[in-house]
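K.L.:
Chain order of the listed sequences is A and B.
Here my numbering is used: the first residue of the first sequence is 6, the next is one more, and so on.
Here my numbering is used: the first residue of the second sequence is 46, the next is one more, and so on.
Supplied in structure tokens, the structure appears directly below.
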Amino acid sequence: MNKLIFPVLTTSLVATSAALFLRPAPVEARSNSTGSFVADPVHSSINFKIRHAGSSNFYGRFNDFQGTFTLDQDSPENSVFNFTVELSSVDTKVNDRDNHLRSPDFFNTKLYSEATFSSTAVERIEDGSYRVTGDFSLHGVSKEIIAVVTHIADGTFQGSQRTGIEATFELKRSDFGITSFLAPDGGESGGLGNKVTILASFEGIKQ
Amino acid sequence: MDTNTLIMAGVVPGAVTFVVLIGTWLLCLGTKEIRQPRWAAPLALGLAYFPAYFATYSWPQWWSGDGTYRLPHVAMLLLIVGVFESLAKPSHRKRVRTLHLLAIATLAILLLQPLYLPDEGLRLALWVTGSMLVAWILSAFLNKQARLNPGWRIPFMLAVVPLAASFVLLYGHWASGGLHAGGLVAMLVAASLSAAIITKQQIAPGGITVFVGLLIALLLIGLNYASVQPIAAALVLVAPFGLLAGRKAKWHRGNAWLPILVQLGAIAIPLLIAFAIAYEHRPVNS
Numbered sequence: 006m007n008k009l010i011f012p013v014l015t016t017s018l019v020a021t022s023a024a025l026f027l028r029p030a031p032v033e034a035r036s037n038s039t040g041s042f043v044a045d046p047v048h049s050s051i052n053f054k055i056r057h058a059g060s061s062n063f064y065g066r067f068n069d070f071q072g073t074f075t076l077d078q079d080s081p082e083n084s085v086f087n088f089t090v091e092l093s094s095v096d097t098k099v100n101d102r103d104n105h106l107r108s109p110d111f112f113n114t115k116l117y118s119e120a121t122f123s124s125t126a127v128e129r130i131e132d133g134s135y136r137v138t139g140d141f142s143l144h145g146v147s148k149e150i151i152a153v154v155t156h157i158a159d160g161t162f163q164g165s166q167r168t169g170i171e172a173t174f175e176l177k178r179s180d181f182g183i184t185s186f187l188a189p190d191g192g193e194s195g196g197l198g199n200k201v202t203i204l205a206s207f208e209g210i211k212q
Numbered sequence: 046m047d048t049n050t051l052i053m054a055g056v057v058p059g060a061v062t063f064v065v066l067i068g069t070w071l072l073c074l075g076t077k078e079i080r081q082p083r084w085a086a087p088l089a090l091g092l093a094y095f096p097a098y099f100a101t102y103s104w105p106q107w108w109s110g111d112g113t114y115r116l117p118h119v120a121m122l123l124l125i126v127g128v129f130e131s132l133a134k135p136s137h138r139k140r141v142r143t144l145h146l147l148a149i150a151t152l153a154i155l156l157l158q159p160l161y162l163p164d165e166g167l168r169l170a171l172w173v174t175g176s177m178l179v180a181w182i183l184s185a186f187l188n189k190q191a192r193l194n195p196g197w198r199i200p201f202m203l204a205v206v207p208l209a210a211s212f213v214l215l216y217g218h219w220a221s222g223g224l225h226a227g228g229l230v231a232m233l234v235a236a237s238l239s240a241a242i243i244t245k246q247q248i249a250p251g252g253i254t255v256f257v258g259l260l261i262a263l264l265l266i267g268l269n270y271a272s273v274q275p276i277a278a279a280l281v282l283v284a285p286f287g288l289l290a291g292r293k294a295k296w297h298r299g300n301a302w303l304p305i306l307v308q309l310g311a312i313a314i315p316l317l318i319a320f321a322i323a324y325e326h327r328p329v330n331s
């Protein structure tokens, strides 16, 4: 019996130490990411993707936008997402192209300066992933779209609690009256495709 | 730009103009007066604009909040006013001129109201007044020129004006407007071709009303919604006064083509300057 005590004690000590030091991190994400957030424009981005010349995917972005969201991971139906994008802030790295996008051929920003999104319903797809239904307004037209919103993680930065989400949705620009350089069949083979994919990433500052 | 768009915007307006002008003339061949009805020119030019519009835009809403989608309404207004003008007796000229100016004012308001009302009413008023002034001067001048020179000369020489406007609009970041102006070129070329057959074809006054109105409408949109250079637009509107060039020079006698070439040259000079200004500000790569 005395011969066993030492190995047993040692084993217990090692096992206890391992249990203490290797225990999984406390699950605090769910409670920290519940709340109201304002999108930090400096650490958020809104990009778009469109087919060009029927061959490649072209990416551009919008530099000026603002948004707020309320995220409730326990009861996602209580979540709300609202965003406004300044369309004249379109940035495709080429100033002349940006000016063309601001013209009546595309966004017509002198008349329609903003695109907006307001959610109307949120449902969970799986843990941390949500289907967000809402009204998207662009070019004087408002249509219902469905976005997939994914919660990335939580953290702190400069003394404030942060949470990250990413949203993706698709739309057809012809549905919003933007039909320049569209293929006759309204597909993807024209100078510019019809389908536009919005890829947004927001870092929310907890309020 | 796909082939269908180019055909709809460039060829079809010309075809419609030609068919309406020739068709109305043929209808009148059996009548006492073997001449084309005076309402034919405004009808032809007004109708011919629609294919150019639909080449770039889908069927418009009955009423759109976007002024650029009101061009079909403008074309219809100009067509109606142009027909009225063509049918009016000379004694009603004053009333007709008032109607014309009211149409231009309505046109400017239709196109620019979404941008400027309710916050910038004064700016809208200035654009409306300016449009009326330009239309009054330009239409009066071109109507007189067209009456003095019935036939193919005036539409032929005026065709270079919307051609330059097409580039001014295109380089001003409004490609659709450039196509519409291209349609105006086709319409005037077709009118000059039909005048080769109908020797006494007269596009004044109604046809001139439609042409001037559409040109002003396109430039108004380009200046206010897009990035058309104002000086380039002004030069496009000034260019038709090149028809005054070389009219009284005696050395023209004996050569019927010289006056035409001199006038074309005088029209082309401001248009080339307008093109150069627009080209300087063209999109480098879009």
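From the three backbone atoms N, C-alpha and C, an ideal C-beta is built for every residue, glycine too.
All values reported here derive from a predicted model rather than from experimental measurement.
What is the rounded straight-line gap between the Cα of residue 49 of chain B and the Cα of residue 185 of chain A?
P.N.:
Reading the second sequence from its first residue, position 4 is the one you call residue 49 of chain B. Reading the first sequence from its first residue, position 180 is the one you call residue 185 of chain A. Their Cα atoms are separated by approximately 13 Å.
K.L.:
Between the stretch 75-86 of chain A and the stretch 99-114 of chain A, can you find at least three pairs of beta-carbon atoms closer than 8 Å?
P.N.:
No, they do not touch.
K.L.:
Since residue 124 of chain A contacts residue 138 of chain A with CB under 8 Å, what's their CB separation in whole angstroms?
P.N.:
Locating residue 124 of chain A in the first sequence gives position 119, where the first residue counts as 1. Locating residue 138 of chain A in the first sequence gives position 133, where the first residue counts as 1. Correct: roughly 7 Å between the Cβ atoms.
K.L.:
Considering only residues of the same chain and omitting the five flanking positions on each side of residue 66 of chain B, which have a CB-CB separation below 6 Å?
P.N.:
One-based indexing of the second sequence puts residue 66 of chain B at position 21. Once the five neighbours on either side are set aside, the close Cβ partners of residue 66 of chain B are 85, 89, 239.
K.L.:
Using a Cβ-Cβ distance cut-off of 8 Å, determine whether residue 184 of chain A contacts chain B.
P.N.:
Residue mapping note: residue 184 of chain A aligns to position 179 of the first sequence, counting from 1. Yes, residue 184 of chain A lies at the interface with chain B (some Cβ there is under 8 Å from its Cβ).
K.L.:
Between the C-alpha atoms of residue 30 of chain A and residue 209 of chain A, what's the straight-line distance to the nearest angstrom?
P.N.:
Against the first sequence, residue 30 of chain A aligns to sequence position 25. Against the first sequence, residue 209 of chain A aligns to sequence position 204. With a pLDDT of only 47 at residue 30 of chain A, under 50, the local geometry of the prediction cannot be trusted, and no value is derived from it.
K.L.:
So, do the stretch 134-151 of chain A and the stretch 186-198 of chain A have three or more beta carbon pairs nearer to each other than 8 Å?
P.N.:
No, because fewer than three Cβ pairs between the stretch 134-151 of chain A and the stretch 186-198 of chain A fall closer than 8 Å, the two stretches do not touch.
K.L.:
May I have the straight-line CA-CA distance separating residue 161 of chain B from residue 169 of chain B, to the nearest angstrom?
P.N.:
If you number the second sequence from 1, residue 161 of chain B lands on position 116. If you number the second sequence from 1, residue 169 of chain B lands on position 124. Going by the C-alpha atoms only, they are around 6 Å apart.
K.L.:
Would you identify the three-state DSSP class for residue 315 of chain B, choosing helix, strand or coil?
P.N.:
Counting from one through the second sequence, the residue named residue 315 of chain B turns up at place 270. The answer is helix: DSSP assigns residue 315 of chain B an H, G or I state.
K.L.:
Secondary structure at residue 50 of chain B, three-state DSSP: helix, strand or coil?
P.N.:
Position 5 of the second sequence, counted from the first residue, corresponds to residue 50 of chain B. Helix, per DSSP.
K.L.:
Who are the Cβ neighbours of residue 198 of chain A in its own chain at under 7 Å, not counting the five residues just before and after it?
P.N.:
Here the question's residue 198 of chain A lines up with position 193 in the first sequence. Counting only Cβ-Cβ distances below 7 Å, and skipping sequence neighbours, we find 55, 56.
K.L.:
Which partner residues of residue 71 of chain A appear in the DSSP bridge assignment?
P.N.:
Position 66 of the first sequence, counted from the first residue, corresponds to residue 71 of chain A. Its beta-bridge partners are A/89.
K.L.:
Residue 140 of chain B by DSSP, collapsed to three states: which one?
P.N.:
Numbered from its first residue, the second sequence carries residue 140 of chain B at position 95. Three-state result, residue 140 of chain B: helix.
K.L.:
Going residue by residue through the stretch 186-266 of chain B, where are the continuous alpha helix (DSSP H) segments of at least 4 residues, counting only ones entirely within it?
P.N.:
Complete alpha helix (DSSP H) runs here, min 4: 198-203, 205-216, 220-242.
K.L.:
Using 8 Å as the Cβ pair cut-off and three pairs as the minimum, do the stretch 129-144 of chain A and the stretch 173-192 of chain B touch?
P.N.:
No, the stretch 129-144 of chain A is not in contact with the stretch 173-192 of chain B.
K.L.:
Bridge partners of residue 140 of chain A, per DSSP?
P.N.:
Taking the first residue of the first sequence as position 1, residue 140 of chain A is located at position 135. BP columns for residue 140 of chain A point to A/123, A/149.
K.L.:
Report all residues from its chain with a CB closer than 7 Å to the CB of residue 262 of chain B; omit the five preceding and five following residues, and keep chain order.
P.N.:
Locating residue 262 of chain B in the second sequence gives position 217, where the first residue counts as 1. Excluding positions up to five away in sequence, the list reads 116, 119, 152, 156.
K.L.:
Write down the C-beta distance between residue 202 of chain A and residue 171 of chain A rounded to the nearest angstrom, noting that I regard them as a contact closer than 8 Å.
P.N.:
Mapped onto the first sequence, residue 202 of chain A falls at position 197. Mapped onto the first sequence, residue 171 of chain A falls at position 166. No, residue 202 of chain A and residue 171 of chain A are not in contact; Cβ-Cβ is about 13 Å, not under 8 Å.
K.L.:
Would residue 205 of chain B pass as a contact of residue 281 of chain B if the rule is Cβ separation under 8 Å?
P.N.:
As a working note, residue 205 of chain B is residue 160 in the second sequence. As a working note, residue 281 of chain B is residue 236 in the second sequence. Cβ atoms of residue 205 of chain B and residue 281 of chain B: not closer than 8 Å.
K.L.:
Using a Cβ-Cβ distance under 8 Å, would residue 219 of chain B count as near chain A?
P.N.:
Walking along the second sequence from the start, residue 219 of chain B turns up at place 174. Judged by the 8 Å Cβ criterion, residue 219 of chain B is in contact with chain A.
K.L.:
Is the beta carbon of residue 70 of chain A closer than 8 Å to that of residue 97 of chain A?
P.N.:
Taking the first residue of the first sequence as position 1, residue 97 of chain A is located at position 92. Taking the first residue of the first sequence as position 1, residue 70 of chain A is located at position 65. The answer is no: Cβ separation not under 8 Å.
K.L.:
Among the residues of its own chain, which have a CB less than 7 Å from the CB of residue 193 of chain B, if the five just before and after it don't count?
P.N.:
Within the second sequence, numbered from 1, the residue matching residue 193 of chain B stands at position 148. Same-chain partners within the cutoff: there are none.
K.L.:
Residues of chain B with CB under 9 Å from residue 116 of chain A, in chain order?
P.N.:
Residue 116 of chain A sits at position 111 when you count from the first residue of the first sequence. Within 9 Å Cβ-Cβ: 110, 111, 112, 113, 159, 160, 270.
K.L.:
Given this structure, state the Cα-to-Cα distance separating residue 35 of chain A from residue 141 of chain A, to the nearest angstrom.
P.N.:
For the purposes of this step, residue 35 of chain A is taken as the residue at position 30 of the first sequence. For the purposes of this step, residue 141 of chain A is taken as the residue at position 136 of the first sequence. Only weak support is given to the placement of residue 35 of chain A: the predicted model assigns it a pLDDT of 45, under 50, and the question is left unresolved by the model.
K.L.:
For residue 249 of chain B, which residues in the same chain have their Cβ closer than 6 Å to its Cβ, ignoring the five residues on either side in sequence?
P.N.:
Position 204 of the second sequence, counted from the first residue, corresponds to residue 249 of chain B. Closer than 6 Å at the Cβ level, and outside the excluded window around residue 249 of chain B, lie 188, 191, 192.
K.L.:
Would a check of beta-carbon distances place residue 34 of chain A closer than 8 Å to chain B?
P.N.:
Residue numbering aside, residue 34 of chain A sits at position 29 when the first sequence is read from its first letter. Unreliable placement is indicated for residue 34 of chain A, whose pLDDT of 43 sits below 50; no coordinate value is reported for it.
K.L.:
Report yes or no: is there a C-beta of chain A within less than 8 Å of the C-beta of residue 194 of chain B?
P.N.:
Residue 194 of chain B sits at position 149 when you count from the first residue of the second sequence. No, residue 194 of chain B does not count as interfacial toward chain A.
K.L.:
Using a beta-carbon distance below 8 Å, is residue 125 of chain B in contact with chain A?
P.N.:
Residue mapping note: residue 125 of chain B aligns to position 80 of the second sequence, counting from 1. It does not: the Cβ of residue 125 of chain B has no partner Cβ on chain A nearer than 8 Å.
K.L.:
With 8 Å set as the bound, which would you pick, yes or no: does the beta-carbon of residue 266 of chain B sit closer than that to a beta-carbon of chain A?
P.N.:
Your numbering for residue 266 of chain B matches position 221 in the second sequence. Output row for residue 266 of chain B: interface = yes.
K.L.:
Any C-beta of chain A sitting closer than 8 Å to the C-beta of residue 98 of chain B?
P.N.:
Here the question's residue 98 of chain B lines up with position 53 in the second sequence. Taking Cβ atoms only, chain A never reaches closer than 8 Å to residue 98 of chain B, which makes this a no.
K.L.:
With a threshold of 7 Å on Cβ separation, who are the neighbours of residue 133 of chain B within its own chain once the five nearest residues in sequence on each side are excluded?
P.N.:
Along the second sequence, one-based indexing puts residue 133 of chain B at 88. So the list reads 141, once near-sequence residues are dropped.
K.L.:
I'd like to know if residue 332 of chain B contacts chain A, where contact means its C-beta is closer than 8 Å to some C-beta of that chain.
P.N.:
Since the displayed chain B opens at 46 and closes at 331, residue 332 of chain B lies outside it and no answer follows.
K.L.:
What is the DSSP secondary structure of residue 135 of chain A, reduced to helix, strand or coil?
P.N.:
Along the first sequence, read from residue 1 onward, the residue named residue 135 of chain A stands at position 130. Three-state result, residue 135 of chain A: strand.
K.L.:
Using a 10 Å radius around the Cβ and a threshold of 16 neighbouring Cβ atoms, would you call residue 110 of chain A buried or exposed?
P.N.:
Along the first sequence, read from residue 1 onward, the residue named residue 110 of chain A stands at position 105. Classification for residue 110 of chain A: buried.
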